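Shown next, in structure tokens, is the structure this report addresses.
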Amino acid sequence: MPHEPITTLPLTVAVLLSVGRHPVTGRARRADQDARGLELALSMAAARIELVHAGPFDDACEVSMRGYLGMSAGHAGSGADSVTLVDQPSQADVVPALCRTLSESLAPQLVIAGERAEQGEGSGMLPYQLSESLGWPLVGGIVAVEGVEEGVATLLQALPRGQRRRLSVRLPVIVMVNATAMAPRQSAFGPARRGTLAVVEQPAVHDAAQDEWRVQPARKRPKRLKIVKATSARERFKAAAAKSDGGGGQIMKDVSPDEAAAAIHKLLKEEDVLR
Amino acid sequence: MLDTLLPILIFVALALAAIGAWRRIRLWRQGCPSPVPFFRGLAAVPRRYLVDLHHVVARDKVMSNTHVATAGGFVLAAVLMILVHGLNLAEGILGWPLLAASAVMFGGSLFVMRRRRRPPARLSRGPWMRLPWSLMAFSLGVFLITLPTVGVLPEDIGSWVLALLLATVVAWGLGEMFLGMTWGGPMKHAFAGALHLAFHRRPERFSSRHGGEGRSTGLKALNLDDDQAPLGVETPSDFTWNQLLGFDACVQCGRCEAVCPAFAAGQPLNPKKLIQDMVVGMAGGSDAHYAGSPYPDKPVGEHHGDPQGPIVAREGRALLNAETLWSCTTCRACVEECPMMIEHVDAIVDMRRFLTLERGDTPNKGAEVLDNLIATDNPGGFDPGSRMHWAADLDLPLMRDVEQAEVLLWLGDGVFDMRNQRTLRALVKVLRAAGVDFAVLGDEERDSGDVARRLGDEATFQSLARRNIATLAHYRFQRIVTCDPHSFHVLRNEYGELGGHYEVFHHSTYIAELHEAGRLHFTPWKGGTVTYHDPCYLGRYNGEYEAPRNVLKALGIEVAEMGRSGYRSRCCGGGGGAAITDIPGKQRIPDMRMKDVRETGAELVAVGCPQCTAMLEGVVDTPAEVRDIAEFAADAVTHEDTSAADGPSRGGHGDDASPTASTRKEVMS
Ligand code: SF4
Ligand code: SF4
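Take a look at the structure:
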């Protein structure tokens, strides 16, 4: 529907990009989720796109950012052929710098982020912290932005087992893309190397917490084995298709954060995640 | 009256032809620069025409003789006609050879006529159907007007009506032959073709008086230095001028169409139409006037283009659809058959380069494979550290440890494929039986870049190639041996431009050599009938048709040849990334090839390429077993110099035992 004037105001979408890491070789690449975020932005008609990355500007960063820039073929002029690179030392907390860049210079109405980075802390906390400091709402699990009209975005949110929920959210908003969002398009070499990396400076805030951490390669997380007791092919198929829902679990509504945290803590203990 | 009319006719025709030529040359010059040796090129035309072109034309004896008579007669008749009737020079003497030349040409045109009566589907119709008549008009007209000149008939024979009639016939002939040559009629092929021979972009593909292979099959490297330059061919004017000239030389003989596996499979590709589309694009217009077979299931007349317009539209239609380009297996059958020496594969890859490098539009699994090559150096996305897992029990000497060896065994990406691992084990067994001093790169080896390059990703190709060349530079070896013809071709013919020069052997060549040197002994073959499938990248790309057959012969196997073998071998469908882009057709190329195998009644088909093995083994319901040359050899090596533990590797279980530690010591020492 590129012909329908669905946006009334010139919408600016910022896509947060991180340096990805290939799961097998560890080589720098565009991170899969952030690339899906960019794909989402490219699929929105009439959007001005701002690509933003905050972190140290090194070789890995360049390789990775060029991976995203390679997706801009045919979108010249949308802004997808340039990355705003907020240069930060590796020990910095990038949230304040990112926050300032977004609110002061780029001024987007919609910010798209992935759910979790492929390296570094990879805690998945950044969108939350950003939402907190910008004071904007945050919506997770987004697979599509169906339209933006009069300052209200219609979002499609992924729920378990392929269900979708349509949400209307007033802008500005931060959304996190879901891993089931449209796969990113191919990154082309030509636009990738012609794209520009615009470095901007922001004061760095030292991340004191990091000093105390010891970083080591992650161990493979153990996977819960599905015990299939099926006797017939039909049951086996059903067991394979079903998500393991563990049977137990409880829904807690209207409880205090402390109670909720205690419940989670108890569960983690039971599951031997915390010892 | 004819005396005054003829010179006028001739010189007007020549002048118009000259204007046409100038316009045509301007069309070609829209292309990118490409320096050529101007005078040396022109001087080479006679040899390139008489030797190289006729080598191809002569595969069809009748047509070849027809062409010699018609074209030879025409050239001679045209020159003499200008002298005799145009300039009135030595009429009495030159008239006789002129009569003879036009008579020979008339004879030739009778054969052209005969072929046009029931033309095979590969030939174009339209204006081509009038060509035999035009040839006759020219030759007959010239013959008749020359009769009075030499005094056979009186000067003032007949009335002015007859003279006018004759003049009309001659004018028709002149129109087709002189004007048509440069204004775009069927005879254009003669004008463009001669210049194409002179200024061919691959002069090294022609034979020379001093011998020489006369083969040039490696793709030309794309210059990636200028990081602002758009890459690949987007519009017809992005081709080099001599590529455009080459397209214009096409005679629409359809030989390429007749051998193209993608066309036969009903995929939307016809190399002849592709070349004609490029001509349409170069001149601007629509393909509605094309009078040959279309791309299967794609009606003619819906596409159009211009020199500065896109060849493949991002949306909608332009000159052609992207699937046409992605259907090609780069098998080179078309190039091998083309009498005009047109380079279809170069053109197709040039256009693919644009689609991949600029538009990021490699279809189906293409993007994933390229991403894998970038991230893991192999198309499957496997851990590069697991390259040698297949040989965990073979204890292969690593170059990293030994640093030098007589033979560097290039393993290829087949190391990740269980079927190809069997071939590799067989090859190792053969090399050990012959006591060859070899070593492998192990985890230091990367994909050769073949697939990336054919998919148009020149950047990834060059990156892989440069890193492989740097790795190879660390070690000393005399030659590279590989069982993968794609790696073979790339290492041998395409790394040179990037600074890697090696002596590379396909394993069949090397095994044949070992056998000839008496280093291998085979027990005679006792199995069933065997046919042999020539891999495109070994045969047409590198001219190696003999060695695999020699190995089979040494084994005591008499090859039951397929109808299409040797330089006419039909592709397995797996080259050029075609198995990755997987453009649908009416049938599958490997199925057609297995049908060829079935026709020979063979129980086994010998192959020499992991890709062919995979494609042909993927055919369901076939009576023939697919076996690599190395497996044939490994089964038959006599065990004098290997241990008995080195059991038989018969038939497909990947269980052929490797030499035990003790035997290995014997072999290696
Ligand atoms: S491209 Fe070559 S083989 Fe094909 S029709 Fe033209 S001249 Fe004939
Ligand atoms: S290279 Fe092979 S598949 Fe490609 S156009 Fe030529 S004949 Fe057809």
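Top line first, the protein sequences correspond to chains A and B.
Quick note: the first sequence uses the working numbering, first residue 3, plus one each step.
Quick note: the second sequence uses the working numbering, first residue 4, plus one each step.
Even for Gly, the Cβ is constructed at its ideal location relative to N, Cα and C.
Quantities reported herein were computed from a predicted structural model and do not represent experimental measurements.
Checklist entry - Which of the residues in the segment 174-194 of chain A, read from start to end, lie with their CB under 8 Å from any CB of chain B? => result Against chain B - using a Cβ distance shorter than 8 Å - the residues of the segment 174-194 of chain A are R187, Q188, S189, A190, F191, G192 and P193.
Checklist entry - Using the C-alpha atoms, what's the distance from A82 of chain A back to A94 of chain A? => result A94 of chain A and A82 of chain A have their C-alpha atoms spaced approximately 26 Å apart.
Item to check | Neighbouring residues, chain B, relative to G81 of chain A (Cβ below 9 Å) | outcome: Simply none; closest approach about 18 Å.
Checklist entry - Apart from the five residues on each side of it in sequence, which residues of its chain come closer than 6 Å, Cβ to Cβ, to R330 of chain A? => result Within the shown structure, residues of chain A are numbered from 3 to 277, placing residue 330 of chain A beyond reach of any answer.
Item to check | Burial state of I114 of chain A, where buried means 16 or more other Cβ atoms lie within 10 Å | outcome: Buried, because 16 or more other Cβ atoms sit within 10 Å of the Cβ of I114 of chain A.
Next on the checklist: ligand 2 and V262 of chain B: does any heavy atom of the ligand fall closer than 7 Å to the residue's C-beta?
Outcome noted: For V262 of chain B, the shortest C-beta to heavy atom distance toward ligand 2 is below 7 Å.
Checklist entry - Any beta-carbon of chain B closer than 8 Å to the one on R196 of chain A? => result yes
Checklist entry - Any idea what DSSP makes of T625 of chain B, helix, strand or coil? => result coil
Checklist entry - By Cβ distance below 8 Å, which residues in the same chain neighbour L177 of chain B in space, the five residues on each side in sequence not counted? => result L12, I13, A16 and F141
Checklist entry - Who are the Cβ neighbours of P680 of chain B in its own chain at under 6 Å, not counting the five residues just before and after it? => result Because chain B here runs from 4 to 672, residue 680 of chain B falls outside it and cannot be looked at.
Item to check | Q33 of chain B beta carbon less than 8 Å from that of M285 of chain B | outcome: yes
Checklist entry - Which whole runs of the alpha helix (DSSP H) in the segment 229-273 of chain A are 4 residues long or more, in chain order? => result 235-243 and 259-272
Checklist entry - For Y293 of chain B, which residues from the same chain have a beta carbon less than 6 Å from its beta carbon, with the 5 sequence-adjacent residues on both sides left out? => result Q279 and V303
Checklist entry - In this structure, what does DSSP give as the bridge partners for L157 of chain A? => result Residue pairing by DSSP puts L157 of chain A in a beta bridge opposite A:V147 and A:L169.
Next on the checklist: Which residue wins for smallest C-alpha separation from C101 of chain A, given the options A:Y70, A:Q121 and A:S133?
Outcome noted: A:S133
Item to check | Bounding residues of the alpha helix (DSSP H) (the contiguous stretch that carries R552 of chain B) | outcome: E549 to A557
Item to check | Partner residues on chain A for R390 of chain B, Cβ-Cβ distance less than 9 Å | outcome: Near R390 of chain B there are no residues of chain A at all, since even the closest Cβ is about 12 Å away, more than 9 Å.
Next on the checklist: In the DSSP output, what is Q407 of chain B paired with across the bridge?
Outcome noted: According to DSSP, Q407 of chain B bridges with B:R479.
Checklist entry - Within the 8 Å Cβ cut-off, does L276 of chain A reach chain B? => result no
Checklist entry - By how many angstroms is the C-alpha of A20 of chain B removed from the C-alpha of F181 of chain B? => result Rounded to the nearest angstrom, the two C-alpha atoms are 6 Å apart.
Checklist entry - Near S105 of chain B, which residues of its chain fall below 6 Å by C-beta distance, leaving aside the five closest residues on each side in sequence? => result A80, S142, V145 and F146
Checklist entry - Could you check where the beta strand (DSSP E) with H55 of chain A kicks off and where it finishes? => result A49 to G57
Checklist entry - Which bits of chain B does V88 of chain A rub up against, with CB to CB less than 7 Å? => result Going along chain B, no residue has its Cβ under 7 Å from V88 of chain A, so there is no contact; the nearest lies around 24 Å.
Checklist entry - Can you pull the DSSP bridge partners for T14 of chain A? => result A:R50
Checklist entry - Regarding V283 of chain B and ligand 1, is the C-beta to nearest heavy atom distance less than 7 Å? => result no
Checklist entry - Going along chain A, which residues have a C-beta under 7 Å from L360 of chain B? => result A190, F191 and G192
Checklist entry - Are A378 of chain B and R31 of chain A closer than 8 Å when you measure CB to CB? => result yes
Checklist entry - On the premise that G217 of chain B lies in contact with S127 of chain B, defined as a C-beta separation below 8 Å, what is that separation, rounded to the nearest angstrom? => result Not quite, the Cβ-Cβ distance comes to about 29 Å (not below 8 Å), so this is no contact.
Checklist entry - For a contact meaning CB atoms closer than 7 Å, what does K29 of chain A contact in chain B? => result According to the sequence shown, residue 29 of chain A is Arg rather than Lys. Within 7 Å Cβ-Cβ: A378.
Checklist entry - Any chance the segment 46-56 of chain B sits against the segment 87-96 of chain B, with 3 or more Cβ pairs inside 8 Å? => result No: fewer than three Cβ pairs fall under 8 Å.
Checklist entry - Secondary structure at S646 of chain B, three-state DSSP: helix, strand or coil? => result At S646 of chain B the pLDDT is 43, less than 50, meaning the model places this residue with poor confidence; the figure from the coordinates comes in the next sentence. S646 of chain B falls in the coil class under three-state DSSP.
Checklist entry - Leaving out the 5 sequence neighbours to the left and right, which residues in its chain are closer than 7 Å to P527 of chain B when beta-carbon positions are compared? => result G559
Checklist entry - Would you say G76 of chain A reaches chain B, if we count a Cβ-Cβ gap shorter than 8 Å as a contact? => result yes
Checklist entry - First and last residue of the beta strand (DSSP E) that includes V507 of chain B? => result Boundaries of the beta strand (DSSP E) around V507 of chain B: V507 to H509.
Checklist entry - Under 7 Å from any heavy atom of ligand 2, does the C-beta of A265 of chain B make it? => result yes
Checklist entry - Exposed or buried, V15 of chain A, counting other C-beta atoms within 10 Å across all chains shown (16 or more means buried)? => result buried
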